[in-house]
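Note sheet for the following structure.
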Amino acid sequence: MESPYSIAQLTGYLECLSLPSSYAKYIQSPESFPKTETALTVLFQCQITRFPYENLSVHASTTGDPPPLAAHALYEKMLGTSGGPTGRGGYCLEVNLLFYYVLLGLGFSVIHIVNIVQLPTGSRYLLDAAFGGDGPTRPLPLTPGRAFKNLGTQEVRLIRDRLPLQTRSDQPYWIYQYRNGADMDWKALYCFSELEWFPEDFDVINRYATWDALGRGNVVVVKFMRNDGNTNMDPDPQPTESEVQIVGKLMLVNGELKQNLGGRTQVIERFDESRRTEVLRERFSMQI
């Protein structure tokens, strides 16, 4: 499958990421972006610190219809018509699908809604850019049981195992797990197979996920924050020379604004619904 995004759109995407300066030479020729683990990690971390997980469109709908997943609609929502970031992200399908189309345009081999990328070396990685606060902060190799430091004391890993309801042992799933300390038990968050997805599959799960989000009723925004040299929590990241460091996450859950810098999550403001738009604009740079 070819990316629906033009070279100009891919350039606009790379420009808005505040990539480290050593990657600036690839912005005008997106297809030349390096196909290495290091470059993939930089790209992923710039993605998750620019585009938040948020379900605002789901809750703002007056009809209950799912958010549109058309490539042009996703791009316009998150990057605007002129290619400048709007501060918006989307819920899991929206953000991951935008990233999927971008990865295709940059020349990566990628399948699935969780973005399984295979490099020219044959190494494969999970690049889930939209799971929210407990999502990975780096690409995860599809290597069973290998744990990675995530944020603070949290570790994440992928294991390969059967699900409790399965009757066949020859069709294991990849299971994404986390734990918040080395002395704590691993907890499973979701699983996935390696079966390739198609646009029709995205549409079906989009409708179900929208109904599920509405049923839960929570308004949620989660954005990872990066170090721009001052370890600040500026919602607009500034480019560094060669690498990106995730230093925390900023979260809005209904009427609370929270932050986590690797330790315990702290509530930094409580507000009513009338101030929500202002908080989104001030703390997440969202154009609502």
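For the sequence shown, the positions run 15 to 302 when the numbering used here is used.
We put the beta carbon where it would ideally sit given N, CA and C, even for glycine.
On a predicted model such as this, the values are computed, not experimentally measured, just so you know.
Per the C-alpha coordinates, the member of Tyr19, Lys163, Asp215, Glu108 positioned closest to Leu118 is Tyr19.
Using a 10 angstroms sphere on the CB of Gln23, the tally of other CB atoms reaches 16 or more, which defines it as buried. A Cβ-Cβ separation of about 19 Å leaves Ser17 out of contact with Tyr139 under the 8 Å criterion. The three-state reading of DSSP puts Lys49 in coil, since its state is none of H, G, I, E or B. C-alpha of Val124 to C-alpha of Gln61: approximately 16 Å in a straight line. In this structure, Ala143 sits near Phe58, with a CB-CB distance shorter than 8 Å. If you draw a straight line from the Cα of Arg182 to the Cα of Gly276, it is about 40 Å long.
Here DSSP, grouped into helix, strand and coil, assigns Met92 to helix.
Contact annotation, Ile189 with Leu172: C-beta distance approximately 7 Å; criterion of less than 8 Å satisfied.
By the Cβ rule, the region 256-273 counts as touching the region 231-239, because three or more pairs are nearer than 8 Å.
Comparing alpha-carbon positions, the option among Asn274, Asp226, Leu177 lying closest to Cys205 turns out to be Leu177. Arg152 is not a Cβ neighbour of Phe145, given a cutoff of 8 Å.
The distance from the Cβ of Ile302 to that of Glu208 is about 38 Å, inconsistent with a contact at the 8 Å cut-off. Secondary structure within the region 133-182: the beta strand (DSSP E) runs of 3 or more consecutive residues, fully enclosed, are 138-140, 161-163, 169-175 (chain order).
Between the region 95-110 and the region 74-87 there are three or more C-beta pairs closer than 8 Å, enough to call the two in contact.
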